[in-house]
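Worksheet: the structure to be examined is printed underneath.
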Amino acid sequence: MKRLITALLFAAPLAALAAPVNLVNNGGFESTTVASGSWTVVNSAAGWTVGPNGLEIRNNVSGSAFAGSNFAELDTSANSWISQALNTVAGQTYSLSFAYANRPDNLGAASNGLSWSIGSLTGTVGDNTDTSWATFSTTFVGTGSPMTLRFAAVGRSDGYGTSLDNISVNTIAGNAAAVPEPESLALMLAGLGAMGVVLRRRKTAGKA
Ligand SMILES: [Ca+2]
Ligand SMILES: [Ca+2]
13 MKRLITALLF AAPLAALAAP VNLVNNGGFE STTVASGSWT VVNSAAGWTV GPNGLEIRNN
73 VSGSAFAGSN FAELDTSANS WISQALNTVA GQTYSLSFAY ANRPDNLGAA SNGLSWSIGS
133 LTGTVGDNTD TSWATFSTTF VGTGSPMTLR FAAVGRSDGY GTSLDNISVN TIAGNAAAVP
193 EPESLALMLA GLGAMGVVLR RRKTAGKA
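What the sequence shown shows, in my numbering, is residues 13 to 220, in sequence order.
Following this line, the structure appears as structure tokens:
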């Protein structure tokens, strides 16, 4: 029992420090129920602000999800966009990552392409005919105010575009802003201390 308590004391603060928290809500588009082999265009989805041309969510239609069951496309019947405001910590470095692929039945490179932006950082992926999932990732520094994460279809507006899935924004451990809070550090040291006591006791017991 003592050993268990010590293990918990020791493990809890470490887990709290190590566990990455995805700042993106519904980054895998799993919140909308879509039957396998079907698709839908929605005007709202958990976490996302959806542009006037909607958000297409598919389940095993013209490709399959990178993760989970659902994936998204932003050229619905015409080019559309989605965005989400993320609360960031000033000076904290974050990773942005997402998966993208073009439909097997795509209409060519000029029809495809997906722009992404976080704050003032922006780029384009998928303006080609590659149909296997690729992962894009980059890093950015938090401003301390809500930062807008946005994706938009940028190819020819024709109802066929680049698929999107598995969007995540996580803190990157090890930079200045990720130094443990004093409370966590104290807890961790307490855990280490308790472990030392147990180890010393065990050593003593072994001698007897
Ligand atoms: Ca998904
Ligand atoms: Ca298109």
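Note that the Cβ used here is the ideal one computed from N, Cα and C, for glycine as well.
Check, Outcome
"Which residue from T44, N65, W128, S50 puts its Cα closest to that of A57?", "T44"
"Which first and last residues belong to the beta strand (DSSP E) in which P32 is found?", "Where P32 is concerned, there is no enclosing beta strand (DSSP E), given that its DSSP letter is neither H nor E."
"By how many angstroms is the C-alpha of T183 removed from the C-alpha of P32?", "7 Å"
"Give me the Cα-Cα distance between T100 and P158, rounded to the nearest whole angstrom.", "6 Å"
"Can you tell me whether G135 is buried or exposed, with buried defined as 16 or more other CB within 10 angstroms of its CB?", "exposed"
"For N82, verify whether its CB is less than 7 Å away from any heavy atom of ligand 1.", "yes"
"In the DSSP assignment, the beta strand (DSSP E) including L67 goes from what residue to what residue?", "67 to 71"
"Use the C-beta contact count for T88: other C-beta atoms within 10 angstroms, 16 or more gives buried, fewer gives exposed.", "buried"
"Answer yes or no: the CB of G167 versus the heavy atoms of ligand 2, is any distance below 7 Å?", "yes"
"Should G40 be listed as close to ligand 1, given that the test is whether its C-beta is under 7 Å from any heavy atom?", "yes"
"Let me know if D117 comes out buried or exposed under the rule of 16 or more other beta-carbons within 10 Å of its beta-carbon.", "exposed"
"I'd like to check one pair, A164 with L108: are the Cβ atoms closer than 8 Å?", "no"
"Nearest-angstrom Cα distance between N178 and T52?", "18 Å"
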